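Step one of this worksheet: look at the structure below.
Protein chains in written order, with my numbering: chain A, 1476 to 1755; chain B, 1476 to 1755.
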């Protein structure tokens, strides 16, 4: 069993234990109960909090009732010492927030690949969300094997010269080590012309992580918008995630109103959870 | 549903909504689309903004993208002059917000019944959400006929000596004028032991309005909580609303964090919209 799956399983066990004890706080999803049809865990991609420090982003996550975080280097620089990393991770842990991955980390040189894996190891995470240049894929694969840390490659839409859509990732990793896979960015994928409900099924064997967002139009000029107000068909997406038995986190990445994002993140999380509840 | 189809549907919804707002001001919103598959209109019950003035509550509604309001007397006193009412309604209209009803208005005397109907007429709304004492039901029915204004009686949970649950309303109005009906307060109903998905079907012929909220437990001590974090089964509720072809507004009433409610309202609206999108 993979490390991340174990981590999630532990979270589920904890949630059930909390509920069994009658200590339901509203923070831990109650639906992790009984029928095994639990909604997927919702997380946050750290870039969402680009304009906030760690303390303020933790306060927002606590208010939102979110316990999974993909840490972005804005909040924990790639060249941090072990001590600095431990101090930051302790803050998140004290707030009942699990750092389940790091990223997005761009890797344009061998040194950047080295740094990314060293950083991930120091952070104790089982996965990196990253963007290696094509000519570094062989080297990144060596590192995946050496560290036993997954690499989920992130697509960034029509402007991305390397990986506009998830298909551009999949074609380059499908023959590689099974620990190389995808972090599908739903919004950028739709802007790149991808039918994300189909992509989830097509790339299911390599789907490790998700950046969930909505966009105003399904084209290059699509803008970030609260989930549910844009063009993406979330019920179809969630149906596909249920169908493939997706085992990862659904991390909301909200890139509108970045100086005052709380209401938009809340609406987005609410919508996504509502869809999951109805699609159970 | 395809992205294109969703875009087209949204465009139609927007267009029809604009037309509705233009032509039906003061009328209860109808289901927008001919095929009845549009999500129901989401509104806000004015008590949500008890700690805010009209301008700040309008700013929140605009950010939340909500266009239907049940005005509470905190923001528009019951003894207001026609001029004062017109001035307030003009503010809402300028913000593209339709005041579709007034309330909750308590009616403990004949004079209070008189005042409520006079106020509703001055406001130009087709419905009052109210709570008449039992011994005023005959008189309220006379007024309903005289003014041709509906009366939706609101249930307020186990502490309510008159109408704890929607059944307590229904039993007292079912033989009366068909313009007498229910505003089911979902949260208070659940605290009173009502299965709201069943209640919606049972009282469908008299269901005029809804106050939508979640509660932490299905008992008297249940506390207000963001929709989706509590115990209410919203997919089941929305299924019932779809089944009966509910034609009213779904007004969110958020009573937690009332000094800083925006994030909680946003999460609640998001969740409810997500459920509606998936249950279409």
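For glycine and all other residues, C-beta sits at the position ideal for the given N, C-alpha and C.
Predicted model only: the values in this text are computed from it and were never measured.
DSSP places residue 1535/A within a helical segment (H, G or I) once states are collapsed to three.
Annotation: the continuous alpha helix (DSSP H) that includes residue 1562/B extends over 1557-1569. Using a CB distance cut-off of 9 Å, residue 1704/A counts as an interface residue toward chain B.
Separation of residue 1749/B and residue 1662/B (C-alpha to C-alpha, rounded to the nearest whole angstrom) is 19 Å.
With a cut-off of 8 Å on Cβ pairs, the stretch 1728-1744 of chain B is not in contact with the stretch 1677-1684 of chain B, counting fewer than three such pairs. Rounded to whole angstroms, the gap between the alpha carbons of residue 1628/B and residue 1640/B is 10 Å. Beta-bridge partners of residue 1576/A (DSSP): 1545/A. Annotation for residue 1543/A: 1516, 1518, 1573, 1575 and 1724 place their beta carbon closer than 6 Å to its own, counting only its chain and skipping 5 residues before and after.
Unbroken beta strand (DSSP E) runs of no fewer than 3 residues, entirely contained in the stretch 1603-1674 of chain B, are found at 1625-1629 and 1655-1660, following chain order. DSSP places residue 1699/A within a strand segment (E or B) once states are collapsed to three. Going by C-alpha positions, residue 1591/A is about 32 Å away from residue 1694/A. Residue state for residue 1600/A is assigned as coil, using DSSP reduced to three classes. Contact annotation: the stretch 1711-1720 of chain B does not touch the stretch 1543-1552 of chain B, with fewer than three C-beta pairs closer than 8 Å. Beyond the five residues adjoining it in sequence on each side, residue 1657/B comes within less than 7 Å, by CB distance, of 1627, 1628, 1641, 1644, 1645, 1678, 1681, 1682 and 1683 in the same chain, given in chain order. With contacts defined by Cβ atoms closer than 9 Å, residue 1699/B and residue 1688/B form a contacting pair. In this structure, residue 1727/A lies near residue 1740/A, with their beta-carbon atoms less than 9 Å apart. Non-local C-beta neighbours of residue 1522/A in its own chain, meaning closer than 8 Å and more than five positions away in sequence, comprise 1547, 1549, 1579, 1728 and 1730, ordered along the chain. Close partners of residue 1744/B in chain A (Cβ separation under 8 Å): 1742 and 1745. Put simply, the CB of residue 1754/A is near chain B, with a gap under 9 Å to one of its CB atoms.
For residue 1557/A, the CB contacts under 7 Å within the same chain, skipping 5 residues up- and downstream, are 1597 in chain order. Residue 1570/B holds the alpha-carbon nearest to the alpha-carbon of residue 1534/B among 1545/B, 1570/B and 1561/B. Of the residues 1651/A, 1696/A and 1566/A, the one whose Cα lies closest to the Cα of residue 1616/A is 1651/A. Of the residues assessed, residue 1613/A falls on the exposed side of the cut-off, its CB having fewer than 16 other CB atoms within 10 angstroms. Using a CB distance cut-off of 9 Å, residue 1565/A does not count as an interface residue toward chain B. A distance below 9 Å separates the beta carbons of residue 1632/B and residue 1667/B. One alpha carbon belongs to residue 1611/A, the other to residue 1584/A, and they sit about 7 Å apart.
For residue 1682/A, DSSP records a beta bridge to 1657/A. One finds 1737, 1738 and 1741 in chain A with Cβ atoms closer than 9 Å to the Cβ of residue 1737/B, taken in chain order. One thing to note: residue 1566/B has its Cβ within 9 Å of the Cβ of residue 1530/B. In the assembly as shown, residue 1554/B is an exposed residue. Its beta-carbon has fewer than 16 other beta-carbons within 10 Å.
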